[in-house]
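Those letters in the sequence shown? Residues -8 to 321, per my numbering, in order. Yeah, the Cβ is synthetic: ideal placement off N, Cα and C, and Gly gets one too. In what follows, a single structure is set out as structure tokens and then discussed.
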Amino acid sequence: MEETMEERVEEQVEEKIEEKPNVGIEDIPGVGAATAEKLIAGGYDTVLSIAVSSPGEMTEAAGVTETVARKMIQFARESMNMGFESGQDVMKRREQVKKLSTGSEAFNTMLGGGVETGCVTECYGEFGSGKTQVAHLLAVNIQKEDPNAVAVYIDTENTFRPERIRELSDGAGLDADQVLGNIKVARAYNSDHQMLLSEKVEDLIKKQGLNVKVVIVDSLTAHFRAEFIGRGTLAERQQKLNRHMHTLMKVASTYNVAVYVTNQVMAKPDTFFGDPTASIGGHIVGHNSTFRIYLRKGRKGSRVAKLVDSPNLPEGEVNFMVTAAGLQDL
Ligand code: GTP
Ligand code: MG
């Protein structure tokens, strides 16, 4: 019987794995010019990007069969010497982590210094709780420490306001025009567009060489929520949302960037005790976020931020006002 293309690829992969050479994607067995092009178009331009992928993701993004994808991933993993690293190596990486200021000292302290780079921070809360205000503040405040720091703002609800950036820049003693110049805004018109934009962030960093410090997605879930209504489409929505979160996490950890996403809450009518609200996207968003902040309206126009989930910080609550100049601690 004639050997199929797939079988040939599998054999070649097995041979190459034995050798463990130092490889680029073109060295992966079975990857000819056409496949390489497809892989690159699908965002797989390094061996690392293949190594950390899953067969399902690769099949979808690069149009290879699942068996071939699995073999490529295996090959990429073997050739990369991936696996365990010492605690000291992890410590060194932790030392690169920066904390971005929210503008409120108490809020920063609760977060262990500010919004961390290298991971995803989710901020959820009802309308008007201040999620978008915090997003604007992060975009401005990063430029206090580094005048070249760039914020990427993926705006899904048309709530980015340059006027507000001006006001907050004045409040922070920064040149508003320069601050505005360092914020790259893109309006996302639907969930697919939003996902595409999040994939393009890598180009801004790699190709355009921008010093991106924070990627904001405001709101993470609004389009998904509007487009996928009803039980039947829920699984599909969660799957897409999961993929979107993975893209964001990858950017965060590969480039030591902070990712700040906002999320609405929905009423849980069957709750009798505790808070009768839950964030949209459920465990998909929750599990893919390293830090979770719950914002709500407090007394006399104040806002309350609660740290709900974090790897190494105690839960806490802080109180502040949103003012013209930024956040003011109470
Ligand atoms: P949704 O996007 O609707 O879910 O709400 P959100 O959580 O993003 O709320 P947002 O950040 O837009 O906060 C709105 C609140 O912030 C308002 O109710 C105001 O109290 C305050 N705020 C918004 N804009 C300004 C401003 O320009 N100046 C001042 N002083 N306060 C503002
Ligand atoms: Mg908002």
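- Going by beta carbons, Ala142 and Val242 fall outside the 9 Å limit.
- Under the 10 Å beta carbon count, Pro20 is surrounded by 16 or more other beta carbons and is classified as buried.
- When secondary structure is reduced to three states using DSSP, Asp161 falls in the helix class.
- In the DSSP assignment, Glu96 falls outside any beta strand (DSSP E) and lies within the alpha helix (DSSP H) extending over 96 to 101.
- Per DSSP, reduced to three states, the secondary structure at Tyr246 is helical.
- It is roughly 14 Å from the alpha-carbon of Ala60 to the alpha-carbon of Glu69.
- Contact between Phe215 and Val176 is absent: CB atoms are separated by about 20 Å, not below the 8 Å threshold.
- Non-local C-beta neighbours of Val38 in its own chain, meaning closer than 7 Å and more than five positions away in sequence, comprise Val14, Gly15, Ile16, Ala67, Ser70, Met71, ordered along the chain.
- In the DSSP assignment, Arg84 falls within the alpha helix (DSSP H) that extends over 78 to 87.
- Boundaries of the alpha helix (DSSP H) harbouring Asp183: 182 to 197, taken from the DSSP string.
- Annotation for Glu193: Val242 place their beta carbon closer than 7 Å to its own, counting only its chain and skipping 5 residues before and after.
- For Ser70, the enclosing alpha helix (DSSP H) has its first and last residue at 57 to 70.
- Under the 8 Å Cβ criterion, the stretch 116 to 132 counts as touching the stretch 153 to 161, having at least three qualifying pairs.
- Cβ neighbours of Cys110 within its own chain (closer than 6 Å, five residues either side excluded): Ala243, Thr281.
- Not one heavy atom of ligand 1 is found less than 8 Å from the C-beta of Ser160.
- Contact holds between the stretch 309 to 317 and the stretch 88 to 106, because three or more Cβ pairs, one in each stretch, are under 8 Å apart.
- The residue from Thr58, Thr50, Lys90, Leu159 with its alpha-carbon nearest to that of Ala249 is Lys90.
- Here Lys204 has Lys89, Leu91, Thr108, Ile133, Asp137, Ala140, Val141, Ala142, Val248, Ala249 as same chain residues with Cβ atoms under 8 Å from its own Cβ, once five neighbours each way along the sequence are excluded.
- Residue burial annotation: Arg287 is buried, with at least 16 other C-beta atoms found within 10 angstroms of its C-beta.
- Checking the 8 Å criterion, the Cβ of Phe311 is out of range of every heavy atom belonging to ligand 1.
- Annotation for Val55 indicates a beta carbon at 8 Å or more from all heavy atoms of ligand 1.
- Comparing alpha carbon positions, the residue from Thr253, Ile145, Leu102 closest to Glu306 is Leu102.
- Annotation for Asp300: the continuous beta strand (DSSP E) segment containing it runs 294 to 300.
- Thr93 has its CB no nearer than 8 Å to any heavy atom of ligand 2.
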